[in-house]
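Numbering (the working numbering), first residue to last: 45 to 194.
Virtual Cβ for every residue (Gly too), placed ideally from N, Cα, C.
So the structure is just underneath, and the comments pick up after that.
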């Protein structure tokens, strides 16, 4: 991230947490700290430790790889569309669910910025495009295209 000593400024930490689509509770769980700690980091009340900054950098790198995977899948699809969910609990098990529905929507939006014509929608919305739920689930890009986390 930014500072030469491996530390990160609170404003940058919060910016990247939000850009990654990670809630305070998800970030806390991923970093193994309390929500109160993440809130304190967000507000600049405590310095973010080097280890936490390194973990955020790993999350950023993984997210970039995930966006690349969605872009690759979209460029190969006849009608590129990304299935998103309202709630994390509705998502299929796997790394995307661990990171949350908000994170997955951020990945979808980043892919859409790179490939024009990608439709992003909830299952019921994409059913209108495909004609059936079965076709939506088989044709829409979902978390199954993601690389494994390192």
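**Item:** C-beta contact flag for residue 68 and residue 126 at 8 angstroms
**Value:** In this structure, residue 126 does not lie closer than 8 angstroms to residue 68 by Cβ.
Please state if the CB of residue 74 and the CB of residue 103 are separated by a distance shorter than 8 angstroms.
The Cβ atoms of residue 103 and residue 74 lie closer than 8 angstroms to each other.
Q) Just how far apart, CA to CA, sit residue 120 and residue 61? A) Taking the Cα positions, residue 120 is about 30 angstroms away from residue 61.
key: Euclidean distance between Cα positions of residue 85 and residue 116   = Going by the C-alpha atoms only, they are around 35 angstroms apart.
Per DSSP, what are the beta-bridge partners of residue 52 in this structure? In the DSSP output, where bridge partners are listed per residue, residue 52 has 92.
**Request:** Could you tell me whether the segment 138-158 touches the segment 172-188, using the rule of 3 or more Cβ pairs below 8 angstroms?
**Result:** Touching, yes.
- Query: Does DSSP put residue 162 in a helix, a strand or coil?
  - Reply: Note: residue 162 maps to coil in three-state DSSP.
Just to confirm, is the Cβ distance from residue 145 to residue 135 under 8 angstroms? In contact: residue 145 and residue 135 (Cβ atoms closer than 8 angstroms).
* Asked: Exposed or buried, which one is residue 58 when buried takes at least 16 other CB atoms within 10 Å?
  -> The C-beta of residue 58 has 16 or more other C-beta atoms within 10 Å across all chains shown, which makes the residue buried.
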